[in-house]
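Report on the structure given below.
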Amino acid sequence: MVLIGAVLSVIIDQVIKYHVVLYLKPVADVEVIPGLFNLTYLENRGAAFGVLANQRWFFIVMTAVAMVVLLFLLFRFKRHNFISYTAISLIIGGGVGNLIDRVLNGFVVDYLHVSFFPPIFNFADCCVVVGTLFLFIFIFFFYGKEKKQDGGSAPVDDKG
Numbered sequence: 118m119v120l121i122g123a124v125l126s127v128i129i130d131q132v133i134k135y136h137v138v139l140y141l142k143p144v145a146d147v148e149v150i151p152g153l154f155n156l157t158y159l160e161n162r163g164a165a166f167g168v169l170a171n172q173r174w175f176f177i178v179m180t181a182v183a184m185v186v187l188l189f190l191l192f193r194f195k196r197h198n199f200i201s202y203t204a205i206s207l208i209i210g211g212g213v214g215n216l217i218d219r220v221l222n223g224f225v226v227d228y229l230h231v232s233f234f235p236p237i238f239n240f241a242d243c244c245v246v247v248g249t250l251f252l253f254i255f256i257f258f259f260y261g262k263e264k265k266q267d268g269g270s271a272p273v274d275d276k277g
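If you read the sequence shown in my numbering, its first letter stands for residue 118, the second for the next number, and so on.
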C-alpha cells in the first residue's frame with residue numbers, strides 16, 4: 118500500500134511538472150484567481166524561502182537519509198493504520214518527486230503561488246506537508262492506543 122501511494126504521488130508530481138515546464142515556463146506567470154492564486158514558474162535551487170540555495174548535494178543526501186528513516190519507521194513500528202500508511206506514502210512520494218528534479222535538473226520546479234503565503238511550491242511539497250501532518254496525527258492520536266486498550270497483548274487472529 119505504501120509503495121503504491123508513493124509511486125502514484127511521484128507520477129502525479131512528475132506529470133504536472135512536465136506540463137508546467139512545457140506550458141508555464143514560457144509565460145512565467147498565470148493569474149488563476151485574481152489576487153489569490155497564481156501559477157508561477159520558479160526554478161528553486163534551495164529549500165523553502167530559497168534557504169541554502171545551490172546546495173544540491175546537501176538536499177540529495179538529506180532526502181535519501183529521510184527516505185531511509187521513513188522506511189525504517191515503516192518496518193520498525195508494527196501497528197499501522199490507514200493514516201500512517203498514507204502519511205508515509207505521501208512523504209516518500211513527495212520527497213522522491215523533488216529528488217528526481219534535483220538529480221536531473223539541479224533544481225526543483227515550483228509553480229503554486231497563493232498570495233497570502235509567500236513561497237512558491239509544488240505538488241510534491243504538498244504531499245510532504247500533508248503526509249507529515251498525517252504522521253503527527255497518527256503518532257499523537259493512534260500509535261500505542263490499541264496497546265493500552267488491550268492490556269499490552271498482541272492482537273488475536275480469529276481466522277483459525
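We put the beta carbon where it would ideally sit given N, CA and C, even for glycine.
In angstroms with no decimal places, state the Cα-to-Cα distance between V333 and G163.
The shown model of the chain, from 118 to 277, leaves out residue 333, and the question about it has no answer.
Please classify F189 as buried or exposed, where buried requires at least 16 neighbouring CB atoms within 10 angstroms.
exposed
Classify S232: buried if its beta carbon has 16 or more other beta carbons within 10 angstroms, exposed otherwise.
exposed
By the DSSP assignment, the alpha helix (DSSP H) with L187 in it spans what residues?
R173 to R193
If I follow the unbroken alpha helix (DSSP H) through F259, where does it start and stop?
Here F259 belongs to no alpha helix (DSSP H), and DSSP marks it neither H nor E.
Assign F192 to buried or exposed, taking buried as 16 or more other Cβ atoms, counted over all protein chains shown, within 10 Å of its Cβ.
exposed
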